[in-house]
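Just so you know, the sequences run in chain order A and B. The opening residue of the first sequence carries number 1 in the working numbering; numbering runs sequentially from there. The opening residue of the second sequence carries number 175 in the working numbering; numbering runs sequentially from there. A quick write-up on the structure given underneath.
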Amino acid sequence: MTDEIIINEKTVWEILETVTDPEIPVLSIIDLGIVRKIEIYNAVQKPPSGGVGVFITPTYTGCPAMDVIRMNIRMALLENGFTNIDIKTILSPAWTTDWMTEEGKQKLKAYGIASPNSKQQVCTPGLFQEEEAVQCPHCNSYHTQMISRFGSTACKALYKCNDCKEPFDYFKCH
Amino acid sequence: MPITNSEFPITNSQLLITNQLINYTLHLADNTLILAQQNSEWCGHGPILEQDIAITNISLDLLGQARNFYQYAAELINQSTSQPINLLTSQPATEDTLAYLRDNREFRNCLLVEQENGDWAKTILRQFVFSNYQYLLYEKMQDSKDEALRAIAEKALKEVIYHLKWSSEWVIRLGDGTEESNQRINKAVIELWPYVDELFINAAYESALISNNISVDVASLKNLWMQKTKEIFAEATLGIPENIFAHKGGKQGMHTERLGYILAEMQFLQRAYPNSVW
Ligand SMILES: [Zn+2]
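Rendered as structure tokens:
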């Protein structure tokens, strides 16, 4: 192989679009908003001199999916010819559901998970609060009720719909 | 048994600050790790499925915080000392060596988090006492001059808000619930109150870092903590014990017997099969 690979940021973003959240496979890590920055070192490379730095931030501190995501980013970049890959974790500014893309929210709903309300209501220490209106992803009713603030993963709360009676996950505000 | 270097030698003022920062970071890490480990014992045993999931979610958040603190402590240790933490294997410090290869006396967690889970009421009350403290702690730590601590606090605070809400609601639910739930949480108050004060007494490593605006002066959190506790206890129809003898020493490495059992279970695998990985 004598081909030179020209690394540019756009290529890397496109590759990362194919890396999904292992727990919510319809969402890419770009949809989730956890890729914060991409840095390119020595843009024209014959591997392994050039490299790429990917800066990611966890949704929740203890999210076990992060290790898998880190590995999948590495795999995706390796498959595309990158060899010098540096994945860094940054904590500040802290991830917020506001960083989830609109496209991501639509995909969530289609998958059966209510997407985070854009107006965040329960991120304060006040007690017994509920989101004003969480829409059922199955029948679109707003007549829903929280069952538990903690759901099947750190990022979700458990709800039920009082109309279609189906339980569903709500990607809670953060 | 690995020989560990827990007393970081002091030679000049910069090194002194770094050593205190290492101790402080380990204290923050140990608090969250031990509570995470304890809460995780409820996995599969919660009173109902949703609450089983809630307490284990809280465990996971705390474990995540512990990992961040240990990673930072490991970085500081590896930069600052010519002595690797584990003299026997000469391994550099990592989050895993710090969690798995330190002994009882090297842990700097407060005594509260190592108290037995007891029944649901006791676990809930322990979580409320700690989350109420942690909320105030992290809120202030967001202004720390130490960039790493500031970032961890900013991130973790969002999680702790959920823990505080959840545990507060449960304290009210149990206190103002049935005769039995009220009795049980009252018993928990009596059992846990001797371990509250230690949270608000600065250890040497906390005091040493206050003037540089690195650590949070925990003594300054007590009034706000009490205010919130009174508010929740009033709703829960619970009284606040007064003139209780306060146990302390955990933050200096003097623990109750229970920590030995917690560590034995948590560290067994790494001790028996060194360097095994998932
Ligand atoms: Zn519905």
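Here a beta-carbon is modelled for each residue, glycine too, at the ideal position from N, C-alpha and C. Model, not experiment: these values are computed from the prediction.
Please return the same chain residues whose Cβ sits closer than 7 Å to the Cβ of residue i, not counting the five positions on each side in sequence.
| i | result |
| --- | --- |
| TYR274/B | GLN441, GLN444 |
| TYR244/B | ALA203, GLU269, LEU272, ALA273 |
| GLN194/B | TYR379, ALA382, LEU383 |
| ILE418/B | TRP367, PRO368 |
| ILE73/A | LEU16, VAL19, VAL54, ILE87 |
| ARG279/B | GLY427 |
In its own chain, which residues sit with a C-beta less than 6 Å from the C-beta of residue i, not counting the 5 before and 5 after it?
| i | result |
| --- | --- |
| ALA327/B | TYR312, MET315, GLN316 |
| GLU166/A | HIS138 |
| SER254/B | THR192 |
| CYS164/A | HIS138, CYS139 |
| HIS143/A | ASN162, ASP163 |
| SER115/A | LYS105, LEU108, LYS109, PHE171 |
| VAL152/B | Since the first residue shown for chain B is 175 and the last is 452, residue 152/B is missing from the structure and cannot be characterised. |
Assuming residue i contacts residue j under a Cβ cut-off of 8 Å, what Cβ separation, rounded to an integer in Å, is found between them?
| i | j | result |
| --- | --- | --- |
| LEU250/B | ILE196/B | 5 Å |
| SER305/B | VAL287/B | Not a contact, Cβ separation roughly 11 Å. |
| ASN242/B | THR20/A | Not confirmed; about 25 Å, so no contact. |
| LEU373/B | VAL345/B | No, LEU373/B and VAL345/B are not in contact; Cβ-Cβ is about 17 Å, not under 8 Å. |
| ALA377/B | LYS425/B | 4 Å |
| LEU366/B | VAL303/B | 6 Å |
| ASP169/A | LYS160/A | So it is not a contact: roughly 11 Å between Cβ atoms. |
| GLN212/B | ASN291/B | 6 Å |
| ARG432/B | GLN289/B | 7 Å |
| GLU103/A | ASP31/A | 6 Å |
| SER148/A | ILE227/B | 7 Å |
| CYS63/A | GLY238/B | 7 Å |
For residue i, is the classification buried or exposed, using 16 other Cβ atoms within 10 angstroms of its Cβ as the cut-off for buried?
| i | result |
| --- | --- |
| PRO93/A | exposed |
| MET100/A | buried |
| GLN437/B | Note that residue 437/B corresponds to Leu in the displayed sequence, not to Gln. So LEU437/B counts as buried. |
| MET175/B | Low confidence applies to MET175/B: its pLDDT is 39, below 50, so where it sits in the model is not reliable enough to give any reading. |
| SER394/B | exposed |
| THR352/B | exposed |
| GLU343/B | buried |
| MET71/A | exposed |
| MET66/A | buried |
| THR297/B | buried |
| LYS339/B | buried |
| LYS105/A | buried |
| GLN145/A | exposed |
| ASN205/B | buried |
| ALA325/B | buried |
| GLY126/A | exposed |
| LEU261/B | With a pLDDT of 48 at LEU261/B, under the threshold of 50, the modelled position of this residue cannot be trusted; read the value that follows with caution. So LEU261/B counts as exposed. |
| HIS219/B | exposed |
| GLY423/B | exposed |
| ASN8/A | exposed |
| CYS136/A | buried |
Could you check whether residue j and residue i sit closer than 8 Å to each other, using their CB atoms as the reference points?
| i | j | result |
| --- | --- | --- |
| GLY349/B | ILE359/B | yes |
| LEU310/B | LEU412/B | no |
| ASP277/B | ILE388/B | no |
| ILE15/A | ARG36/A | no |
| TRP13/A | ILE38/A | yes |
| HIS421/B | TYR369/B | yes |
| GLN301/B | ILE414/B | no |
| PHE150/A | ILE113/A | no |
| ILE29/A | THR59/A | no |
| LEU108/A | LEU27/A | yes |
| LEU285/B | THR403/B | no |
| SER214/B | THR199/B | no |
| VAL68/A | PRO25/A | no |
| LEU331/B | ALA154/A | no |
| ALA267/B | ALA248/B | yes |
| TYR447/B | ALA322/B | no |
Mind listing the chain B neighbours of residue i? Cutoff is C-beta to C-beta under 9 Å, in chain order.
| i | result |
| --- | --- |
| PHE150/A | GLU224, GLN225, ILE227, ALA228, ILE229, THR230, ASN231, ILE232, TYR336, TRP340 |
| GLY33/A | None at all; the shortest Cβ gap to chain B is about 14 Å. |
| LEU158/A | GLU224, ILE227 |
Along chain A, in chain order, which residues have C-beta atoms closer than 7 Å to that of residue i?
| i | result |
| --- | --- |
| ALA325/B | LEU91, SER92 |
| ALA330/B | THR61 |
Against residue i, what residues of chain B qualify as contacts under a CB-to-CB distance less than 8 Å, listed in chain order?
| i | result |
| --- | --- |
| TYR170/A | Those within 8 Å of TYR170/A in chain B number zero; the least Cβ separation is about 13 Å. |
Cβ closer than 8 Å: which chain A residues qualify as neighbours of residue i?
| i | result |
| --- | --- |
| GLN239/B | THR61, GLY62 |
| ASN242/B | THR61, LEU91 |
Excluding sequence positions up to five away, which residues of its chain have a Cβ less than 8 Å from the Cβ of residue i?
| i | result |
| --- | --- |
| ALA295/B | LEU348, SER355, ARG358, ILE359, LYS361, ALA362 |
| PRO221/B | TRP294 |
| SER187/B | none |
| SER450/B | LEU443, GLN444 |
Determine the chain B residues that contact residue i at a beta-carbon separation under 7 Å, and present them in chain order.
| i | result |
| --- | --- |
| ILE147/A | GLU224 |
| ALA154/A | ASN231, LEU234, ASP235 |
Which bits of chain A does residue i rub up against, with CB to CB less than 9 Å?
| i | result |
| --- | --- |
| GLU333/B | TYR60, THR61, GLY62, ALA154, HIS174 |
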